[in-house]
Amino acid sequence: MSPNKLTRLVVQSIARNMRGFLFSSIGIVVGIATLLFFTSLGSGIKHVVLERIFVVRLLEVEKKSYDLGGGMRSGGLFGSKSLDDRTVEELKQLAGVKDVYPKMKFTFPASARGGKRLLGQDMTAELIADGIPSELVRDEVRSDLGFEDWGAELSCAAETPCPDGFSCEAAICQPKACTGADSTTCTGFSYCHATRNACALPIPVLINPTLLEVYNSSVHTALGGSRGAMSRMPRLSEDMLVGFEFDAVFGESFLGRAAQGESTRERMRLVGFSDKAMNLGVTVPIGYVKRLNARFSGERAAEEYHSIVVETSSNDAIAHVAYAVTEQMGLSLSERHGQAQRAGLLIMLITMVFNLIALIILAISAINIMHTFLMMIIERRRELGLMRALGATRSHVRWLVLGEASVLGLFGGSTGALLGYLTTRAVDAVFNHYVAQFPFKPDSLFLLEAWMLLASIGVALLFCWIGALLPAFRASRVEPASAISGR
Amino acid sequence: MRIVVEGLTKTYGQGEAQAGVLHDLNLVIEPGEFVAIVGTSGSGKTTLLNILGGLDNQYRGQVTIGAHALSGLGERALAGLRNRHFGFVFQSFNLLDHLNAVENVALPDFFATADKADGPRLAPKERALALLERMGLLDKQNERPPRLSGGQKQRLAIARALFNKPSIILCDEPTGSLDRKTGLQIMDLFEELNVNDSITLLVVTHEEYIARMARRVIRLEDGRVVSDTVQEPHRPEPELAIASTALQPATEEAQ
Ligand SMILES: Nc1ncnc2c1ncn2[C@@H]1O[C@H](COP(=O)(O)OP(=O)(O)OP(=O)(O)O)[C@@H](O)[C@H]1O
Ligand SMILES: [Mg+2]
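Chains as they are written, first to last, in our numbering: chain V, 1 to 487; chain A, 1001 to 1255.
Put into structure tokens, the structure is as follows:
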């Protein structure tokens, strides 16, 4: 029987008993809707947690630390492997590693002052900062200033001119001299440094989008209810912040003064947002950190990294890379890695439990379909016998029953998928309307992917076929002679 | 197609409960014959017809239809034979109530295997309409069986039996649910098919006036042939106008 004929025959059969058909599809519709709902909820939440809160693909490698008498002591007795450029190279060689970027923190006190333009008044805060290599974040920089170490010695030539405020002398860029009142010498991004009386470029700064998220959803909301100047603080967007400048004082803060060196004031300029930036602080090109650490804490502080972030090529490579780092290289991973793993596992377990419920619903509806189809075969015994008499083979009859089950599956699957989708939209609407802003609050709780829709229909078909298999074989065993005589 | 039955024996049940229904039957039915099978209730008429029509293959002995030994045919081949060479007409019509007249007639098309030897044929719907016209049911083409009279239903069933131009039509009590007048009209149709289209007709009946219209009468008693006679067909009553109108357009299809 051609697919075309089979389809027409199936449609003829179904059209007769539309009500029974719709009735047997209810279980499938509900089951598929449930399955789709929880699958997309699970992956939606996983997406937020594992892609934004704990970015699992980014492993933060630290020195192994030993807990001695409650206090943390880095290094260990025999001096565990240090995080230097050799380690960075070794990590780059590991299979499954896409990128490696060392991080170095400020090892001296620093503070920041500014914010009048954005917040209405200047504020002073402890400045926590670290440095990473520029080349890792070039794509994420949204300002023409770039994320470069402008404090390093820059060479120049005819085709590679110096940046704003510098001039080329003996193939080296030198800052132009200026005075406080003079605003024409230091062009573009550069400004006239008050104590050096020379042009300087602001230190480019990246911040983690998390920081903005936390500010907007928690700090801003919490302060909104307070009185005074703070209550008028605006919500901030990334666009508003790019280009924001503030002053930093290195070597001196609320906490005290650096052991050596004289404090200095520099301008900083926000050039973009990056997941690779530190969570609660600002990130600058690593060259600045090396120089400042050497100046305020000595040369040794400028050689060792505080941590090395390893980006794996895919989520599948994480386990392998984590193993190589901890077991083979003798380094350890930050606590966040463990947290991410636990969170991921928990989400997976919860998703599995709900999907199990959905599968039970589907199994029950498959049994229901089997029952309905068996009843239908008893009712239609005479008709099936007649079809056999008119030339239907056993396989024609089997395909007729399986064809009806397929239509049931396609219908139940697509209706279920639609119902599931509408439910996710409704839940999202309720969620967005009634649940207050919180950090990382996603626009949607669900992540619905095309494969899930296809899989829904596939699963519906599968369960309908499972339910219809026995009835199909029963139907094909109907003996035409006795069925027609009604015996 | 010639029908040859040799040593046909049929039993139902097993062991103690075993009951013989047909006992060592031997028959030859030539192509184009019009045979009535008569006998008392329970004598095995339906059982024999089902075996000849390939609806029942649980028997001993040999049944040959044309060149095919039925017991040698697989399930598919048997289904193909039923589809292409046999037409069935039953006492209880066996029409599908959810389909209209045209769809009922064209039902065998779903199970037809494409055969190039058949040459180009009309589309199923056209064929069904031509047969409805021949059966005088053209105005009922969109009607469903529950809205037809008994005679109309049986004519619809005959149209369906004719759909694939069968060589043999097997009828089990085709007039059993009809009154005498309507029964005769149906028999007139059969006779016309037998004469004009040379279709072999096997009609099971226990009504004497039906049996008298056949040229050959086989009488069964307890599963045995007790008589097998050739007779001069005799139509018991004068022709009825309605029957002849149904026969008039019977031309193209017969060629
Ligand atoms: N499926 C079956 N199982 C057991 N016995 C059966 C079966 N079908 C028929 N029989 C028996 O076989 C015998 C012949 O039955 P069959 O239907 O061929 O008779 P019949 O001549 O057609 O009778 P009627 O004129 O009443 O239709 C009967 O005794 C019947 O009880
Ligand atoms: Mg009978």
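We put the beta carbon where it would ideally sit given N, CA and C, even for glycine.
- By the CB criterion at 8 angstroms, LEU1078 of chain A and ASN1057 of chain A fall inside the cutoff.
- When secondary structure is reduced to three states using DSSP, PHE38 of chain V falls in the helix class.
- As computed with DSSP, ARG1219 of chain A is found in a beta bridge with A:VAL1038, A:SER1227.
- Rounded to whole angstroms, the separation of the alpha carbons of PHE108 of chain V and GLY298 of chain V is 10 angstroms.
- Along the length of the region 104–171 of chain V, whole alpha helix (DSSP H) runs at least 4 residues long occupy 116–119, reported in chain order.
- Residue environment for SER1071 of chain A: exposed (fewer than 16 other C-beta atoms within 10 angstroms of its C-beta).
- A Cβ-Cβ contact shorter than 8 angstroms links VAL1217 of chain A with VAL1038 of chain A.
- Cβ-Cβ separation between GLU311 of chain V and ARG57 of chain V: approximately 6 angstroms, consistent with a contact (criterion under 8 angstroms).
- When DSSP assignments are scanned along the region 1016–1079 of chain A, the uninterrupted stretches of beta strand (DSSP E) that are 3 or more residues long and fall wholly within it turn out to be 1019–1029, 1034–1039, 1060–1065.
- In this structure, V:ALA392 is the residue among V:GLY413, V:ALA392, V:ALA455, V:GLN437 with its C-alpha nearest to the C-alpha of ALA1112 of chain A.
- In summary, GLY1013 of chain A is exposed, with fewer than 16 beta-carbon neighbours lying within 10 Å of its beta-carbon over all protein chains present.
- By the CB criterion at 8 angstroms, LEU270 of chain V and PHE244 of chain V fall inside the cutoff.
- Of A:SER1043, A:LEU1138, A:LEU1008, A:GLN1152, the smallest CA-CA separation from LEU1095 of chain A is found for A:GLN1152.
- Under the DSSP definition of a beta bridge, GLY272 of chain V partners with V:VAL141, V:LEU206.
- When secondary structure is reduced to three states using DSSP, GLN174 of chain V falls in the strand class.
- Here the distance from the Cβ of VAL353 of chain V to the nearest heavy atom of ligand 1 is not below 7 angstroms.
- Straight-line measurement puts the Cα of GLU1033 of chain A at about 10 angstroms from the Cα of VAL1230 of chain A.
- Neighbours of ARG1076 of chain A in chain V, taken as residues whose beta carbon is under 7 angstroms from its own, are THR393 in chain order.
- In its chain, beyond the 5 residues on either side, SER134, PRO285, ILE286, GLY287, TYR288 have a beta carbon closer than 8 angstroms to the beta carbon of ASP149 of chain V.
- Residue burial is scored here from C-beta neighbours: PRO161 of chain V has fewer than 16 other C-beta atoms within 10 angstroms and is therefore classed as exposed.
- Put simply, the region 319–337 of chain V does not touch the region 425–440 of chain V. Fewer than three CB pairs are less than 8 angstroms apart.
- Proximity of chain A to ARG382 of chain V at the Cβ level (cut-off 8 angstroms) is accounted for by ASN1094, in chain order.
- Annotated as distal: THR1009 of chain A and GLN1018 of chain A, with beta-carbon spacing of 8 angstroms or more.
- Between HIS1234 of chain A and ARG1212 of chain A, the C-beta gap is smaller than 8 angstroms, which places the two residues in contact.
- At a cut-off of 8 angstroms, the C-beta of PRO3 of chain V has no neighbouring C-beta in chain A.
- In terms of Cα proximity to LEU211 of chain V, the closest of V:ILE203, V:HIS220, V:SER314 is V:HIS220.
- For LYS64 of chain V, there is no enclosing beta strand (DSSP E), since its DSSP letter is neither H nor E.
- If you check the CB distance, LEU447 of chain V and PHE431 of chain V do not come in under 8 angstroms.
- Only those residues of the region 11–36 of chain V whose C-beta falls short of 9 angstroms from the nearest C-beta of chain A are listed: GLN12, SER13, ALA15, ARG16, ASN17.
- Considering only beta carbons, the part of the region 1017–1050 of chain A lying closer than 7 angstroms to chain V consists of THR1046, ASN1050, in chain order.
- Each of V:ALA317, V:ARG336, V:ASN197, V:TYR191 was checked against the Cα of THR179 of chain V, and the nearest Cα belongs to V:ASN197.
- DSSP places ASP1197 of chain A inside the alpha helix (DSSP H), whose first and last residues are 1180–1197.
- Between SER1041 of chain A and ASP1222 of chain A, the gap from beta carbon to beta carbon reaches 8 angstroms or more.
- Under the three-state reduction of DSSP, ALA194 of chain V is assigned to coil, being neither helix nor strand.
- Look at ALA1123 of chain A here: in three-state DSSP terms it is coil, with no helix or strand label.
- At a cut-off of 8 angstroms between beta-carbon atoms, ALA389 of chain V makes contact with chain A.
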